[in-house]
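I have placed the structure first, in the form of structure tokens, so that the comments after it can refer back to it.
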């Protein structure tokens with residue numbers, strides 16, 4: 001399970017991501033990867049409900065970001081999917097509260 005640093009995660013993002021229709025099936029089953037992530041990568045948050053409120057395609061790349069939410073608003077575990085490769089490139093704890101001073 002590859003935990004992406006802030007810099008590595010930012011390198012997977014594009015300025016204008018496109019929302020994914022969550023009624024569509026995901027490109028592949030990523031939950032086995034998710035379930036194997038060590039708990040210490042969750043930053044003390046509980047992501048066990050496996051709720052995905054957002055997913056984004058990164059135009060010009062082969063990547064998709066799948067955001068798994070936890071009990072804390074604006075905190076997500078982002079799975080970075082390599083869509084054509086059918087694999088998870090890594091994951092990143094995205095805390096928008098910390099990044100943008102949200103409450």
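In UniProt numbering, the protein residues as written are 1 to 103. Backbone N, C-alpha and C fix where the C-beta goes; we use that ideal spot for every residue, glycine too.
Is there a C-beta anywhere in chain C that falls below 9 Å from the one on residue i?
i, result
"residue 5", "Judged by its chain identifiers, the structure shown contains no chain C, having just a single protein chain."
Can you find the residues in the same chain that come closer than 6 Å, C-beta to C-beta, to residue i, ignoring five residues on each side of it along the sequence?
i, result
"residue 97", "74"
"residue 79", "30, 66, 88 and 91"
"residue 86", "28"
"residue 1", "36 and 37"
"residue 95", "75"
For residue i, does the count of other Cβ atoms within 10 angstroms reach 16, so buried, or fall short, so exposed?
i, result
"residue 12", "buried"
"residue 106", "The chain is shown only over 1 to 103; residue 106 falls outside these bounds and no answer can be derived."
"residue 28", "exposed"
"residue 77", "buried"
For residue i and residue j, which I take to be in contact (beta-carbon distance under 8 Å), what is that distance rounded to the nearest angstrom?
i, j, result
"residue 58", "residue 17", "6 Å"
"residue 22", "residue 62", "With 8 Å as the limit, residue 22 and residue 62 do not qualify as a contact, their Cβ atoms being about 20 Å apart."
"residue 93", "residue 42", "7 Å"
Quick check: what's the CA-CA separation for residue i versus residue j?
i, j, result
"residue 81", "residue 64", "5 Å"
"residue 52", "residue 69", "6 Å"
"residue 46", "residue 99", "19 Å"
"residue 26", "residue 101", "31 Å"
"residue 84", "residue 5", "23 Å"
"residue 24", "residue 32", "19 Å"
"residue 48", "residue 60", "32 Å"
"residue 39", "residue 3", "12 Å"
For residue i, I'd like the list of residues in its chain whose CB is within less than 8 Å of its CB, leaving aside the five on either flank, ordered along the chain.
i, result
"residue 8", "90 and 92"
Grab me the residues of residue i's own chain with a C-beta within less than 7 Å of its C-beta, minus the 5 sequence neighbours each way, in chain order.
i, result
"residue 72", "45"
Which parts of the segment 53-100 are runs of the alpha helix (DSSP H), unbroken and 4 residues or longer, counting only runs that do not cross its ends?
-> For the segment 53-100, whole alpha helix (DSSP H) runs of length 4 or above, ordered along the chain, are 96-100.
Every unbroken alpha helix (DSSP H) within the UniProt region "Disordered" (1-21), with a cutoff of 4 residues, ordered by chain = 6-10
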